[in-house]
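Asks: Next up is a structure, given as structure tokens.
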Amino acid sequence: MSDRIMMGLGDFRFEIGTAAYQKLQRSQGFRWEKQDRIGRLPALQFTGPDLTAVELEGIIYPAFKGGLGQVPKMRELAAKGEPLDLVDGTGKVWGKYAILDVAETQSAFLADGRPRKIDFTIKLQEYGDDAGAGAA
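Residue numbers (my numbering): 111 to 246.
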């Protein structure tokens, strides 16, 4: 990827100077199922890692570069209902992710109502590999 691209999600690029994120939050749970036992306390059985969630928070300055179409493009990708490849700027492939939510806050308006600043949050969930360990 280009040295200006922070992350690619499908065809969408988070870049310095356009849709740059200032915060990346990544979380992953681990599944433990309770197994009831007769005459004693239940036990926990590890059933594996859960899906990874990623949340990106950033700022877009439409007049600087990229225009007003960046958040709508995120929504268009989400509305397709397809998992997308997530690749960071170093070329590391994170896997396929689904867009769960796209939020924006517009501020610092021009006289015609166009925002000069757009804060955005996009929430992603790992899609899950059908050919992973344990798949038939």
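For glycine and all other residues, C-beta sits at the position ideal for the given N, C-alpha and C.
Pop quiz: residue 194 and residue 204 are said to be a contact at Cβ under 8 Å. What is the actual Cβ separation, rounded to whole angstroms?
Replies: About 10 Å; that fails the 8 Å criterion.
Asks: Pull up the DSSP beta-bridge partners for residue 197, would you.
Replies: Answer is 118, 203, bridged to residue 197.
Asks: DSSP state of residue 179, grouped into three classes?
Replies: Residue state, collapsed to three classes: helix.
Asks: Look up residue 214 in the DSSP assignment and say whether it is helix, strand or coil.
Replies: Reduced to three states, the DSSP call for residue 214 is strand.
Asks: I'd like to confirm the pairing. Which residues does DSSP put opposite residue 172 in its beta bridges?
Replies: BP columns for residue 172 are empty, so no partner.
Asks: For residue 125, which of helix, strand or coil comes out of DSSP?
Replies: Looking at residue 125 - three-state DSSP - the assignment turns out to be strand.
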